[in-house]
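> Before I ask anything, let me first share the structure, which is written out below as structure tokens.
In UniProt numbering, the protein residues as written are 1 to 89.
Following this line, the structure appears as structure tokens:
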């Protein structure tokens, strides 16, 4: 069964966002000024503190990649239970 680890996902997504930003020559300031993000918002994302779905979609638009490509393979845990602690009854 597939299972995802939210913390692992958030950390990996943050690293991917930072890598994409640097590959495209964008500074944190450029994301703030040109694309309307808040500085602390981008800093939190890049540190792996998570983000909302609308923000995820905006980031995919900024980098001009499908959201599926942005999140592909992130946070996947091999084997084990498919339920997380928060979903257990």
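Glycine residues also receive a C-beta, built at the ideal position from the N, C-alpha and C atoms.
So, for residue 51: in the same chain, excluding its five sequence neighbours on each side, which residues have a beta-carbon less than 7 angstroms away from its beta-carbon?
Cβ within range, chain order: 45.
> Quick one: is residue 14 buried, meaning 16 or more other Cβ sit within 10 Å of its Cβ, or exposed?
Buried.
> Could you tell me which uninterrupted beta strand (DSSP E) segments, each at least 3 residues in length, are contained entirely in the UniProt domain "HTH cro/C1-type" (17–70), listed from first to last along the chain?
Complete beta strand (DSSP E) runs here, min 3: none at all.
> What do you get for residue 87, buried or exposed, if any count of 16 or more other CB atoms within 10 angstroms of its CB means buried?
With a pLDDT of only 45 at residue 87, under the threshold of 50, the placement of this residue in the model should not be trusted; the figure read from the coordinates follows. Answer is exposed; the Cβ neighbour count stays below 16.
> Measuring straight from C-alpha to C-alpha, what distance separates residue 1 and residue 56?
Approximately 25 angstroms, taken between the alpha carbons.
> Any contact of the stretch 71–78 with the stretch 3–12, i.e. 3+ C-beta pairs under 8 angstroms?
Touching, yes, given that three or more Cβ pairs across the two stretches are closer than 8 angstroms.
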